[in-house]
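Residue numbers (this note's numbering): 4 to 943.
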């Protein structure tokens, strides 16, 4: 389709063995011929990895065996050690050793390496390889190919897909139990994308009718995929080899097999897409919280000076921020207007959050337990979901105080700087760690489809990140501003004076009723979840300006604040772009890749490499805002301030054109770690400043490029080294030490601590074992000191100057720290991802200002010691003294996985069990969950 500016689319052993005789059956397999391989232009130079393993389904016998004996189903953990091994193996890495740590991602299955061949229909075969169990799906018809994809998804992720369709529909507690974490999860995700069944059906129909032949094909593919899921659902239920979680949650009786696994529908795919897109592909929002910190700054300093101070922390356009497009090209978007109009700041103290939960009964809002009497064979699995099917805070953007989405990284070097002359890419999505993973690996070969890679379970009609015949692509979360906050004036239909809780609002001059969307969920205890019986009603109010999130007064008049996201009502429209990326007749070069990526509506940075070109494109439905509107703050809900061309019924508007999105081909190198995209492309939130984790990649890749002769191994080493490096130690410790060492440190204890920090910094500021398996860091005490010191030094540096209120408000906008051991951040503790959100840039700029060094885009004031170097030094030393005195048992207080004081364990990655199978903890790495290393030597 041609590029569009306006898109009208929605787009115990005995017990286990006894159970095994009735529940465990071999999966049906047909003696089909192994599919012939397609042309593979990567010639053995494409690798990938997705821990812990491909197999994400476990029968009841498998689960009980895991709980009783620690056994694992085949292929459920066979990629874990190779992924973990890169920590120790990076230093001696060569191209030939890459497959010690990655899978061979060549197309097809080598002769003699097929473990099984299944043919769920005559027109498709699913061949699983012996090495990893990855499904290689080959169809002779388009329907058969997609049916096979759905069938394989059922084999590998049936329970996970069921979980996520219920999360998307706001029905998790009714499905999986009322654990407090389950309550919290559905209360966070459903209000972001609340839909009726009719709304979901409308989105399917929009894609069919507004995307031409590709839209019709996409929905036909999706239906075939659903048919495949349902075929496996039926076969596994009848054959009694379905996931054991259905028994443990009371859906199916273990003895009689009575019960149901509900059929999947096309609309379930829309629900799953809303969860995936909301986690990783959103951007913007948070304008109410931003307004509160602005008010706090104005309260302290006065309107003019307070606004200046706030803007210096907001850093919409920091000239020192690391960029993906670093050649100077500018892509102006969502910047601060010269003279803002329509801004609707709340009156001080008037903001209240809109309630979501009503009519609680029983255990609702509590963690009250009432364990059932479990049959003896099931006792080992009792309570596996007492803390929720997805532990609180594990999903990006969930959990109290968690920052919004993010993650994933990419490193690409153009051919002119590589040893071979071909571009090299090391990239992948950083999506947290789960067992099984949210994504699954697969290869799809059929009419119009030729790709291998990952897809999020439940929406795997196409490969979403992976490789084609002669190209590969991946993404990082972009987070540009595609969500705005409106202040709608409240009214009463009878003309009386409205109150803050009024349920009518003014729309284009008419008093209009808010639409009420609600779900009533109830639960009772099961073997898996002991949470006592309870229920509640979830409710949101929907308006023509989005979902009501807060109430307040503006100028004394009551308003409701609403959140309007461009991709609302368009949760699955991005299917068109993914379809194109899988189509070898469409993607033939960097230019066609960029066009395909532009048809993905969520906010992502897309990267591409073939044998000739490395390329980049930023996707997203970026609305064209009315002139003068400040996208960083709430705006009045009036026609003059709406998105251009806005139509509320289908939530369509005018969007910025293809060329306005940051993009590039052939730049010397590209890095992305959720950093700023390009000059002029204003950030949608706080924290993209002078120091960012992207610097860990940029500095290393720039050095490789300067030296020349980059190889797959050297670029992978750069990523792997950054993955175990402490950003604070590498980027900020030199300035901290310079202030402290400006005079002799006379306290022997403090001087010893400073020396430990200096030694750590000199050795690379790494959080890395002294030897494989030691579970002790080489510079353990220096790491402990830094972990204890950082939050104390930030407070000592900024709080005296900002004051309690403003400092507190700004820490709501962006947390001060996100170390690997932190229990907050984008996806909670043990999640790998670290150093994305924090006050790194603020500290850097402030210390350089104290030291008298040049600063581009400085803070409006100097805070450390009120600008006096001696006073700043005293504050830093006092906070360091407190940190040195803090024992490891306090710095690392312990949790369900670690005892207090266990530093390595506190950092470690834990694959959060989404089903009944657990996995061992592995060494901390700040790297993609799924990762590719690719270098194509040839092209079609």
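Beta carbons: idealized from backbone N, C-alpha and C, even for Gly.
If you're wondering where the values come from, they're calculated on a predicted model, not measured in any experiment.
Beta-bridge pairing of residue 417 - partner residues as DSSP gives them: Looking at the DSSP assignment, residue 417 forms no beta bridge with any residue, so it has no partner.
Helix, strand or coil at residue 96 according to DSSP, with G and I counted as helix: coil
Sufficient close CB pairs (3 or more, under 8 Å) joining the region 574 to 593 to the region 444 to 454: yes
Local conformation of residue 75 per DSSP, three classes: coil
Straight-line Cα distance separating residue 561 from residue 457: 48 Å
Inter-residue spacing [alpha-carbon to alpha-carbon] between residue 263 and residue 55: 29 Å
Candidates 753, 786 and 745, of which the one nearest residue 764 by Cα: 786
Cβ distance (whole Å) where residue 963 is taken to contact residue 359 below 8 Å: In this structure the chain extends from 4 to 943, so residue 963 is not present and cannot be described.
Coil, strand or helix - residue 608 by DSSP: strand
Cβ contact (3+ pairs, closer than 8 Å) linking the region 143 to 163 and the region 428 to 443: yes
Span separating the alpha-carbon of residue 677 from that of residue 124: 42 Å
Alpha carbon of residue 804 to alpha carbon of residue 302, nearest angstrom: 14 Å
Contacting residues, own chain, Cβ-Cβ under 7 Å from residue 851 (five flanking each side not counted): 738 and 858
Under the three-state DSSP convention, the category residue 798 falls into: helix
Pair within 8 Å by beta-carbon distance, residue 413 and residue 479: yes
Rounded separation between residue 36 and residue 62 - CA only: Only weak support is given to the placement of residue 36: the predicted model assigns it a pLDDT of 46, under 50, and the value that follows is read from those uncertain coordinates. Whole-angstrom Cα-Cα distance: 28 Å.
Residue 507 - partner residues in DSSP beta bridges: 494 and 516
Start and end residues, alpha helix (DSSP H) containing residue 186: 183 to 192
C-alpha distance - residue 315 paired with residue 864, whole-angstrom precision: 9 Å
Local Cβ density within 10 Å of residue 361, reported as buried at 16 or more and exposed below that: exposed
Rounded Cβ spacing between residue 493 and residue 384 (contact assumed at less than 8 Å): With a Cβ gap of about 51 Å, residue 493 and residue 384 do not count as contacting.
Rounded C-alpha distance that separates residue 228 from residue 936: 29 Å
Whether residue 485 touches residue 624 by CB criterion (8 Å): yes
Residues near residue 874 by beta carbon distance below 7 Å, same chain, minus five either side: 868
Outcome for residue 497 when other beta-carbon atoms lying within 10 angstroms are tallied against a minimum of 16: exposed
Cβ contact (3+ pairs, closer than 8 Å) linking the region 565 to 574 and the region 428 to 438: no
Option nearest residue 941 by Cα separation, candidates 471, 104 and 202: 471
Identity of the residue in 853, 811 and 895 nearest residue 824 by Cα: 895
Residue 742 (DSSP reduced to helix, strand or coil): helix
Residues of its chain near residue 190, where Cβ-Cβ distance is below 8 Å and the 5 sequence neighbours each way are ignored: 359, 360 and 541
Neighbourhood of residue 578 by C-beta, 6 Å cutoff - its chain only, sequence neighbours within 5 removed: 221
Contact the region 917 to 929 vs the region 72 to 91: 3+ CB pairs below 8 Å: yes
Three-state secondary structure (DSSP) of residue 532: coil
Cutoff 8 Å; reference residue 723; Cβ partners in own chain excluding five residues on either side: 89, 90, 93, 96, 928 and 930
Continuous beta strand (DSSP E) stretch holding residue 875: start and end: Unbroken run through residue 875 is the alpha helix (DSSP H), 872 to 888; no beta strand (DSSP E).
Residue 667 to residue 241 span [Cα, whole Å]: 53 Å
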